[in-house]
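Following numbering that gives the first Met the number 0, the numbering of the sequence shown begins with 0 at its first residue and continues without gaps.
Everything on this sheet refers to the single structure shown next.
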Amino acid sequence: MYIFTTLAILTTLAAAFGYINYRFLKLPATIGLMAIALVGSLGVFLVDFIFSGVLASAKAFIGAIDLRELILDIMLSFLLFAGALHTNYERLKRYLAPIVALASVGVLVSTVLVAFAAQWVLGLFGLELDFIYLLLFGILISPTDPIAVLGILKEAKVPKKLEIKIAGESLFNDGVAVVVFLVLLSVASNPGSMGAWDVAQLFAVEVGGGLLLGLVTGYITYRLMRSVQNYEVEVLLTLALVMATHVLAYQFHFSAPLAVVVAGLLIGNRAREEAMGEQTELYIDKFWELVDLFLNAILFVLIGLELLLVEYHTDWLLAGIALIPLTILARYLAVWPPVWLFKNRLEFLPGTATLLTWGGLRGGISIALALSLPAEMGRELILSLTYTLVVFSILVQGLTIKKVVQKILGT
0 MYIFTTLAIL TTLAAAFGYI NYRFLKLPAT IGLMAIALVG SLGVFLVDFI
50 FSGVLASAKA FIGAIDLREL ILDIMLSFLL FAGALHTNYE RLKRYLAPIV
100 ALASVGVLVS TVLVAFAAQW VLGLFGLELD FIYLLLFGIL ISPTDPIAVL
150 GILKEAKVPK KLEIKIAGES LFNDGVAVVV FLVLLSVASN PGSMGAWDVA
200 QLFAVEVGGG LLLGLVTGYI TYRLMRSVQN YEVEVLLTLA LVMATHVLAY
250 QFHFSAPLAV VVAGLLIGNR AREEAMGEQT ELYIDKFWEL VDLFLNAILF
300 VLIGLELLLV EYHTDWLLAG IALIPLTILA RYLAVWPPVW LFKNRLEFLP
350 GTATLLTWGG LRGGISIALA LSLPAEMGRE LILSLTYTLV VFSILVQGLT
400 IKKVVQKILG T
């Protein structure tokens with residue numbers, strides 16, 4: 000009953016906030032939901048001055064929700080599949096080389112740059128963390144969040160040539176980032192127990208296994224869909240595909256995000272062309288659009304409400320604000336080399352590196368990874384820094400990306 004009650008409260012809040020946003024604020028849906036939830040969280044602090052105990056009850060409700068598990072183990076696979084399902088592989092394939100570079104080398108470069116930047120900024124405020132913990136902070140804040148990116152790009156009407164680069168990178172880099180995060184977490188938890196070969200092997204198994212698993216489960220589902228012409232059965236097959244792929248990836252210690260992205264691309268392209276009838280295609284698209292809408296609404300409400308649990312001190316808040324321009328600079332320095340390398344061959348739009356930087360939003364995945372850190376690794380400080388960066392990314396970058404695109408491209 001507790002799970003149902005929690006889901007009922009969150010769904011009601013999402014519906015109410017969505018209505019308020021649509022009627023009065025007119026913000027992009029995900030940004031509006033989070034903004035209203037943030038205001039609501041601040042309102043709880045104010046109300047608690049009058050009605051003592053309200054804040055404690057609200058904290059108890061939000062604290063009982065395992066946001067890390069909810070995002071990484073439940074929501075992420077469904078949202079990634081929904082995004083991959085509607086990604087055109089032929090367009091994606093054309094930009095696959097820079098996308099892979101951005102999602103791998105770019106993420107690693109950004110991780111190191113953010114770690115050094117954080118070390119310098121924290122030192123200014125008399126704060127200190129071991130460098131391995133700063134690398135963990137760097138990897139959790141470096142990847143762009145597909146959950147935040149995909150929805151906002153649609154509403155910002157970003158040019159297709161640019162959208163496919165940002166969306167493609169966001170679909171893959173979170174899978175890579177989660178793998179690197181887990182490797183670094185193992186190293187930090189057991190210093191000296193893992194050599195370079197062990198790290199490389201773990202990374203290869205997670206990434207390679209995830210890609211292969213997605214191909215296998217996606218292909219099996221595609222063959223099953225070809226053998227039937229019933230939209231009800233085929234919708235259920237896609238739902239089972241996501242859930243089974245995630246469970247198998249977890250059991251074999253493969254990357255579930257990468258696996259479901261590959262499976263989603265296969266179903267959204269090959270199965271769409273060869274296995275789906277017109278009615279099936281309509282129902283599958285509508286079903287996954289609704290799943291995407293519902294989970295996004297819940298997620299962004301939760302991000303806003305998480306403010307109630309984030310521990311803030313003046314120096315932590317100031318450090319987080321100081322890190323904002325430095326993390327943006329780190330992102331730019333990470334994306335510029337691949338853009339420069341491929342710009343002539345792939346005819347990149349002017350200002351692509353700037354647009355990739357400003358359009359690279361952080362979101363719930365960063366918060367979920369921060370929450371998964373042990374307390375002794377500076378979790379509360381890292382969570383505070385992460386939350387500040389995520390809120391800025393979604394509210395400021397998300398609200399201004401359309402204007403930035405128009406200014407740079409002169410549209």
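Each residue gets a CB set at the ideal place from its N, CA and C atoms; glycine is no exception.
| Query | Result |
| --- | --- |
| Touch test, the segment 312-331 against the segment 59-75, Cβ-Cβ under 8 Å, three pairs minimum | no |
| Endpoints, alpha helix (DSSP H) assigned at Ile364 | Gly363 to Leu370 |
| Residue span of the alpha helix (DSSP H) that contains Gly213, given as start and end | Ala195 to Arg225 |
| Tyr132, buried or exposed, once every other Cβ within 10 Å from all chains shown has been counted against 16 | buried |
| Close Cβ partners of Ile98 (< 6 Å) along its chain, the five nearest in sequence each way excluded | Gly167 and Glu168 |
| Under the three-state DSSP convention, the category Leu112 falls into | helix |
| Separation of Tyr88 from Leu411, as counted between CA atoms | With the chain running from 0 to 410 in the structure shown, residue 411 is simply not present. |
| Opening and closing residue of the alpha helix (DSSP H) in which Met242 lies | Tyr230 to Phe251 |
| 8 Å Cβ cutoff met for Gly397 and Asp144 | no |
| Contact between the segment 269-287 and the segment 340-355 (3+ Cβ pairs under 8 Å) | no |
| Start-to-end residues for the alpha helix (DSSP H) that takes in Gly435 | There is simply no residue 435 to check, as the chain begins at 0 and stops at 410 in what is shown. |
| Pair within 8 Å by beta-carbon distance, Ala116 and Leu325 | yes |
| Three-state secondary structure assigned by DSSP to Thr86 | coil |
| Ile2 CB to nearest heavy atom of the ligand COA below 7 Å | In the structure on display, the ligand COA does not appear, and there are no ligands present to speak of. |
| CB contact flag (Gly208, Phe180, <8 Å) | no |
| Three-state class that DSSP yields for Lys159 in the structure shown | helix |
| Leu301 versus Pro373: straight-line alpha-carbon distance, rounded | 21 Å |
| Contact check, Ala243 vs Tyr249, beta carbons under 8 Å | no |
| Secondary structure of Asp65, DSSP reduced to three states | coil |
| Cα-Cα separation between Gly122 and Ile320, rounded to whole angstroms | 14 Å |
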